[in-house]
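Q: Taking full-length UniProt numbering, the leading residue of the sequence shown gets 1, the next gets one more, and so forth.
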Amino acid sequence: MDIASKYFNGVDWRYIDHSSGLEPMQSFAFDDTFSESVGREESSNVVRTWIHQHVVILGIHDSRLPFLKDGIRYLTDEQGYNAIVRNSGGLGVVLDQGILNISLIFKGKTETTIDEAFSVMYLLVAKMFEDEDVEIETHEIERSYCPGKFDLSINGKKFAGISQRRVRGGIAVQVYLCIEGSGAERAQMMKTFYERAKQGQDTKFTYPNIEPHCMASLATLLDREITVQDVMFQLLYALKDLGGRLNMEPITDIEWSRYEGYFDKIIARNEKINTFMEN
């Protein structure tokens, strides 16, 4: 069975629009909440859209940078960005009003490989932009921020990255799509962050050596005006074109209770960073 038939054709998808009003830590707690609901078969698959203002989402390895304080001070004091540590894989990524995040949450079976889960998201994104005269490639852009095997690029310039997290039988595959603004400027900010946070010191983990011009927004790559709102509509049309059945079932009382527990865990993880910054 191909990816489209297995995950979309005739499959129910519950749409959750969190494109305004949430903090980033709330978003990650919601993805864990819905992953558990889907894994317990208490919910159909979930597609969730989310947008946040001026925050850098750091990975676990970023939190171990030798001069992390200096890097975060650069982001907050000089660039006006907050910083938090996320609970899924990868390194630091930039979120702002020009970047759309999409989470696809579905039941994880033992035979669902990491590559297959990533391929579900790739198929959807490719469908979203199938009418554009471009080829979306999927391979690592080594000198981007948060480089990974499933980076999405056009003509060698990365505009999206995909990560995934597995919680209690559910898989959450998350993509950030750089739509508006300058991808190169965001990459330059991350390059400076790593320079300030590493200061040339040798580390066991290899952090990216960022080349800003290997990243770009879709507005730049497609050479036309395109907005986050436009892409949100393209997402819903693509889901339907692939055969998905959309619903908007509300968040249940049980899910709100679970959400509070997951949110508390993320708050506790980030309090360790805040304590470190204060000392």
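Beta carbons: idealized from backbone N, C-alpha and C, even for Gly.
A quick note: this is a predicted structure, and the numbers were derived from the prediction, not measured.
Tell me whether Gly183 counts as near the ligand ADP, meaning its Cβ is closer than 7 angstroms to at least one heavy atom of that ligand.
A: In the structure shown, the ligand ADP is absent, as is every other ligand, since no ligand is present at all.
Q: Buried or exposed: where does Met189 fall if 16 or more other Cβ atoms within 10 Å of its Cβ makes it buried?
A: On the sequence shown, position 189 is the one that residue 189 refers to. Classification for Met189: buried.
Q: I need the straight-line Cα distance from Asp253 to Asp70, nearest angstrom please.
A: Your numbering for residue 253 matches position 253 in the sequence shown. Your numbering for residue 70 matches position 70 in the sequence shown. The alpha-carbon atoms of Asp253 and Asp70 are separated by roughly 42 angstroms.
Q: How many Å lie between Gly170 and Gly181 at the Cα?
A: To locate residue 170, count along the sequence shown from 1; it is residue 170. To locate residue 181, count along the sequence shown from 1; it is residue 181. Cα to Cα, Gly170 sits roughly 33 angstroms from Gly181.
Q: What beta strand (DSSP E) runs, 3 residues minimum, are completely inside the segment 61-101?
A: Within the segment 61-101, the complete beta strand (DSSP E) runs of at least 3 residues are 82-85 and 93-95.
Q: Evaluate His52 with the Cβ neighbour count: other Cβ atoms within 10 Å of its Cβ, from every protein chain shown; 16 or more gives buried, anything less gives exposed.
A: Indexing the sequence shown from 1 puts residue 52 at position 52. That one is buried.
Q: Of the residues Val11, Ala29 and Ala4, which one's Cα is nearest the Cα of Ile267?
A: Working through the sequence shown from its first residue, we reach residue 267 at position 267. Here the closest residue by C-alpha is Ala29.
Q: Taking only runs that begin and end inside the segment 96-165, name each unbroken alpha helix (DSSP H) of 4 or more residues, in chain order.
A: 114-128, all fully within the segment 96-165.
Q: Could you say which of Arg196, Leu177 and Phe118 lies nearest to Thr76 if we only look at CA atoms?
A: In the sequence shown, counting from the first residue as 1, residue 76 sits at position 76. The residue with the shortest Cα to Cα distance from Thr76 is Arg196.
Q: Roughly how many angstroms separate the alpha carbons of Thr112 and Tyr7, rounded to a whole number?
A: As a working note, residue 112 is residue 112 in the sequence shown. As a working note, residue 7 is residue 7 in the sequence shown. If I take the Cα positions, the gap works out to 11 angstroms.
Q: Determine the burial state of Ser37: buried for a count of at least 16 other Cβ atoms within 10 Å of its Cβ, exposed for fewer.
A: Walking along the sequence shown from the start, residue 37 turns up at place 37. Classification for Ser37: buried.
Q: Within the chosen definition, does the segment 163-179 reach the segment 113-121 through at least 3 CB pairs nearer than 8 angstroms?
A: With the cut-off at 8 angstroms, the segment 163-179 and the segment 113-121 touch.
Q: Could you tell me which residues DSSP pairs with Ala172 in its beta bridges?
A: As a working mapping, residue 172 is identified with position 172 in the sequence shown. According to DSSP, which records beta bridges pairwise, Ala172 is partnered with Ile105 and Arg165.
Q: Answer yes or no: do His54 and Tyr15 have a C-beta to C-beta separation smaller than 8 angstroms?
A: On the sequence shown, position 54 is the one that residue 54 refers to. On the sequence shown, position 15 is the one that residue 15 refers to. No, the pair does not count as a contact, with Cβ atoms beyond the cut-off.
Q: Look up Arg15 in the DSSP assignment and give the residues it is bridged to.
A: Residue 15 sits at position 15 when you count from the first residue of the sequence shown. As written in the sequence, residue 15 is Tyr, which differs from the Arg given in the question. Looking at the DSSP assignment, Tyr15 forms a beta bridge with Val47.
Q: Give me the Cα-Cα distance between Trp13 and Lys198, rounded to the nearest whole angstrom.
A: Here residue 13 is taken as the residue at index 13 of the sequence shown, counted from 1. Here residue 198 is taken as the residue at index 198 of the sequence shown, counted from 1. Cα-Cα distance, rounded: 43 angstroms.
Q: Specify the secondary structure class of Met215 as computed by DSSP and reduced to three states.
A: Position 215 of the sequence shown, counted from the first residue, corresponds to residue 215. Of the three classes helix, strand and coil, the one that applies to Met215 here is strand, per DSSP.
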